[in-house]
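**Q** Residue numbers (the UniProt record's numbering): 1 to 517. Glycine included, each C-beta is placed from N, C-alpha and C at the ideal position. There's a structure below that I have some questions on.
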């Protein structure tokens, strides 16, 4: 047997099925209904009746003797299989006194079939018609209820689907929902919002947790915006960004929240609902970007000021030398040496400026590492060049490279030149400068040590920043880029430069892997 008819409300759902197999009861009953405009179908057997029920019916009219002489189990099965909204009306025509008051069989039928009305013979046509029409009205109400239930189920399914889509969308966008009953009453936070306040997912929360979780500098402002959103007289949009301090972890986070008050017909705030997003990463990125922009602006100003001043000095020295040379040609050797030092100094300044531009505006320093050619000749060449320029300075050298060093030899030479030049400028002129280089199986170390006044602790922190020259070093030449370039060269080789300055001794040390990693 197929399932009971549950299709859309159609004509067959309002017809009467008649099964009175003996005599002319079926045709008489059908005629009475036809005269009243009620559709009816006569069933010759119980099997026909069940088949017609599957097609649709508003009620069943059946003679008691028909169910007593046939296997009625298929009808019981159909009745039991009705959906929850259906309770098919059944009219049983009995002999006089055959109703439930005088027949145990009738009682059993009523219990088994459910929605049963007994109609005793003989009955008036109007009584029969009234019973059928009453049954059909009952069936119509059931069909209407079925449609309402179907609509409710459809709406519920659509709401569930919409809720699921919204949940997936909010999860994908890292959005958390929040809801406050009566504006300042019971608070609902899902785990995502609790996490923004540093609260465990299973911990209870109250409005007190919200207000206390706000950063002290933001609390008054956010509280005022929230109160205006819940105020029936204001009903403003709750749209704020604020910091939180985690209740359990103490972490500072940034949150962007939006919401609105929901008010009843009397104006009372029923709830405030909204969304919250963790924007900590975005805020940190903004702060870093602003800091970098400010730093770049400061560097640009320093660059222009220092460049304009320091490049003029060697140029002025060369210009003065040419004038002296014209007036005193006998001093040519002395003046030429002086001019050569100025030209070397100017070349060094220009090279440092170019390196700074490459590091800050380009892709940073790139080390072309090569371990085939020895590094020691490059180091000694740099030392000899500076000895020639500063013949009065004592530079002691201790180089022992047991292993080949995979490095950019030109850059390492530049690093040594900057460190050694720094020691010559700032070290005690009557004390030796010591250069030491070692290469083991894993680490290459290069250090430059000089005697003299120690570097102040405050200056040590800024020593490798571009254009930093210290309060007493501005008149000693240089752009303040040498040590910055050294640190960038070290970083390009996967290494680091450390400085110690204690007592009367200052030492800069480069440590980097002997081989490229």
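1) Give the DSSP-derived three-state secondary structure of residue 155 in the structure shown.
2) What's the gap between the Cα of residue 355 and the Cα of residue 342?
3) DSSP three-state call for residue 259: helix, strand or coil?
4) DSSP on residue 136, reduced to helix/strand/coil?
5) Excluding five sequence neighbours on each side, which residues of the same chain lie with their C-beta closer than 6 Å to the C-beta of residue 571?
6) If you run the structure through DSSP and keep just helix, strand and coil, what is residue 511?
7) Closest by CA to residue 114, which one among 218, 182, 280, 92?
8) DSSP puts residue 498 in a beta bridge; with which residues?
9) Of all the beta strand (DSSP E) runs that stay within the bounds of the segment 24 to 65, which reach a length of 3 or more residues?
10) Inspect the CB distances between the segment 128 to 138 and the segment 47 to 62 and report whether three or more fall short of 8 Å.
11) With a cut-off of 8 Å, do at least 3 Cβ pairs link the segment 373 to 387 to the segment 322 to 338?
12) So, does the segment 63 to 79 touch the segment 21 to 32, judging by three or more C-beta pairs under 8 Å?
13) Quick check on residue 408: buried or exposed, where buried means 16 or more other Cβ atoms within 10 Å of its Cβ?
14) What's the C-alpha gap between residue 474 and residue 426?
15) Can you give me the C-alpha to C-alpha distance between residue 292 and residue 286, rounded to a whole angstrom?
16) On the criterion of 16 or more Cβ atoms from any shown chain inside 10 Å, does residue 226 qualify as buried, or is it exposed?
17) For the alpha helix (DSSP H) containing residue 78, list its first residue and its last residue.
18) Below 8 Å on the Cβ atoms is my contact criterion, and I expect residue 180 with residue 194 to pass it. Report the Cβ-Cβ distance as a whole number of Å.
19) Sorted by chain position, which residues of the same chain lie with C-beta nearer than 6 Å to residue 476's C-beta, five sequence neighbours on each side aside?
20) Quick one: measure Cβ to Cβ for residue 519 and residue 442, integer angstroms, because I've assumed they're closer than 8 Å.
21) Is the number of C-beta pairs between the segment 146 to 157 and the segment 80 to 88 that are closer than 8 Å three or more?
22) If I'm right that residue 46 touches residue 74 with Cβ under 8 Å, what's the distance once you round it to whole angstroms?
23) Please confirm if the segment 431 to 447 is in contact with the segment 496 to 511, defined as three or more CB-CB distances below 8 Å between the two stretches.
24) Whose CA, out of 151, 18, 44, lies closest to the CA of residue 89?
25) Would you decide whether residue 155 is buried or exposed? Buried here means 16 or more other CB atoms lie within 10 Å of its CB.
26) Grouping DSSP H, G and I as helix and E and B as strand, with all else coil, what is residue 456?
27) Using CA coordinates, which residue listed in 264, 255, 296 is at the minimum distance from residue 283?
28) Say whether the segment 319 to 333 touches the segment 390 to 405, bearing in mind that this needs 3 or more beta-carbon pairs closer than 8 Å, one atom from each stretch.
29) Just verifying my parser: in three-state terms, what is the DSSP assignment at residue 476?
30) Contact between the segment 344 to 353 and the segment 371 to 381: three or more CB pairs below 8 Å?
31) With DSSP as the reference, label residue 326 as helix, strand or coil.
32) To the nearest angstrom, report how far apart residue 12 and residue 157 are at their CA atoms.
33) Our contact map puts residue 300 next to residue 516 with C-beta atoms below 8 Å; I'd like the distance itself, whole angstroms only.
34) So, with DSSP's three-state summary, where would you put residue 115?
35) Any idea if residue 232 is buried or exposed, counting beta-carbon neighbours within 10 angstroms, 16 or more meaning buried?
36) Ignore the nearest five residues each way along the sequence and tell me which others in residue 344's own chain have a CB closer than 7 Å to its CB.
**A** So, from the data block:
1) Judged by DSSP in its simplified three-state form, residue 155 adopts helix.
2) Between residue 355 and residue 342, the C-alpha separation is close to 20 Å.
3) Of the three classes helix, strand and coil, the one that applies to residue 259 here is strand, per DSSP.
4) Secondary structure at residue 136: helix, using DSSP grouped into helix, strand and coil.
5) Because the chain in this structure spans residues 1 to 517, residue 571 falls outside the shown range and cannot be described.
6) Strand at residue 511.
7) It is 92 whose Cα lies nearest to the Cα of residue 114.
8) Bridge partners of residue 498: 509.
9) Fully enclosed beta strand (DSSP E) runs of 3 or longer: 40 to 42, 59 to 63.
10) The segment 128 to 138, when compared against the segment 47 to 62, does touch it at the 8 Å Cβ threshold.
11) Using a Cβ-Cβ distance cut-off of 8 Å, the segment 373 to 387 and the segment 322 to 338 are not in contact, since fewer than three pairs of beta carbons, one from each stretch, lie closer than that value.
12) Touching, per the Cβ criterion.
13) The residue in question, residue 408, is buried, as its Cβ has 16 or more Cβ neighbours within 10 Å.
14) Low confidence applies here, because residue 474 scores a pLDDT of 46, under 50, leaving its location unreliable; read the following figure in that light. For residue 474 and residue 426, the distance between alpha carbons rounds to 11 Å.
15) One Cα belongs to residue 292, the other to residue 286, and the distance between them is close to 10 Å.
16) Per the 10 Å Cβ criterion, buried.
17) Looking at the DSSP string, the run of the alpha helix (DSSP H) that includes residue 78 is 73 to 80.
18) Not confirmed; about 14 Å, so no contact.
19) Unreliable positioning characterises residue 476 in this predicted model, as indicated by a pLDDT of 49, which lies under 50. A coordinate reading is not provided.
20) Only positions 1 to 517 of the chain appear in this structure, which leaves residue 519 out of reach.
21) The segment 146 to 157 is in contact with the segment 80 to 88.
22) The pair is a contact, with the Cβ atoms about 6 Å apart (cut-off 8 Å).
23) Taking a contact to require three or more Cβ pairs closer than 8 Å, the segment 431 to 447 and the segment 496 to 511 qualify as touching.
24) Its Cα nearest to that of residue 89, the residue 18 stands out among 151, 18, 44.
25) Counting Cβ neighbours within 10 Å, residue 155 comes out exposed, since fewer than 16 surround it.
26) It is coil, neither helix nor strand.
27) Out of 264, 255, 296, the CA that lies nearest to the CA of residue 283 is found in 255.
28) Contact between the segment 319 to 333 and the segment 390 to 405 is absent: fewer than 3 CB-CB pairs across the two stretches fall below 8 Å.
29) At residue 476 the pLDDT is 49, less than 50, meaning the model places this residue with poor confidence; the figure from the coordinates comes in the next sentence. Here residue 476 sits in helix by DSSP.
30) Short answer: they don't touch.
31) Residue state, collapsed to three classes: helix.
32) So the two alpha carbons sit approximately 29 Å from each other.
33) Incorrect: roughly 34 Å between the Cβ atoms, too far for contact.
34) Residue 115 falls in the coil class under three-state DSSP.
35) By the 10 Å Cβ count, residue 232 comes out exposed.
36) Excluding positions up to five away in sequence, the list reads 389.
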